[in-house]
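> Numbering (the UniProt record's numbering), first residue to last: 1 to 125. Pasting a structure below so you can have a look.
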């Protein structure tokens, strides 16, 4: 599965343009997804130096992305390519239902519970 993940508010607390404190279990969970064969794309508002700092922050913790703000490493963006990243799943604090705890995300994706069922239960409560 291809998973696109945001940085600010998702992997770290919102402190843009600085790097916020790591959100508990975010990097550990993402590394577990990688161990299970999932490809991770860092999909963030950050560009330039701020983006480099985010990638470096994750790299220092052993989290290396398949691609950064692109569908694959080396993709060259121009007006013929949509900025929308293709992914099977998007993890972002700005989702309509917010960001579940990272432990819950891991269980959702590895224990067989359907994301759709989680969403339905979240809305009902």
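All C-beta atoms in this analysis are idealised placements derived from N, C-alpha and C, irrespective of residue type, glycine included. Bear in mind that the values here come from a model prediction, so they are computed numbers and not experimental data.
Can you give the beta carbon distance from residue 13 to residue 20, rounded, assuming they're within the 8 angstroms contact cut?
Numbered from its first residue, the chain shown carries residue 13 at position 13. Numbered from its first residue, the chain shown carries residue 20 at position 20. With a Cβ gap of about 3 angstroms, residue 13 and residue 20 count as contacting.
> If we cut at 8 angstroms on Cβ distances, does residue 48 have a partner in chain B?
The structure shown has no chain B; it contains just one protein chain.
> Given that a residue counts as buried once 16 or more other Cβ atoms are within 10 Å of its Cβ, and exposed if not, what is residue 64?
For the purposes of this step, residue 64 is identified with residue 64 of the chain shown, where counting begins at 1. When all chains shown are included, residue 64 counts as exposed.
> Is it buried or exposed, residue 81, if we count other Cβ atoms within 10 angstroms and call 16 or more buried?
Position 81 of the chain shown, counting from 1, holds the residue named residue 81. That one is exposed.
> According to DSSP, which residues form a beta bridge with residue 39?
Residue numbering aside, residue 39 sits at position 39 when the chain shown is read from its first letter. Bridge partners of residue 39: 2.
> Which residue wins for smallest C-alpha separation from residue 26, given the options 85, 97 and 92?
Position 26 of the chain shown holds residue 26. Selected option, being the one with the closest Cα: 92.
> Assign residue 3 to one of two classes, buried (16 or more other C-beta atoms within 10 Å of its C-beta) or exposed (fewer than that).
In the chain shown, residue 3 corresponds to position 3, counting from 1. Classification of residue 3: buried, given that the 10 Å Cβ count is 16 or more.
> Let me confirm a value: residue 95 is counted as buried when at least 16 other C-beta atoms fall within 10 Å, else exposed. Which label applies?
If you number the chain shown from 1, residue 95 lands on position 95. It counts as exposed.
> Going by C-alpha to C-alpha distance, which of 107, 39, 77 and 53 sits closest to residue 8?
Here residue 8 refers to the residue found at position 8 when the chain shown is read from its first residue. The option with the nearest alpha carbon to residue 8 is 53.
> Just to confirm the assignment, what range does the alpha helix (DSSP H) spanning residue 51 have?
Counting from 1 along the chain shown, the entry for residue 51 is found at position 51. 48-60 is the extent of the alpha helix (DSSP H) around residue 51.
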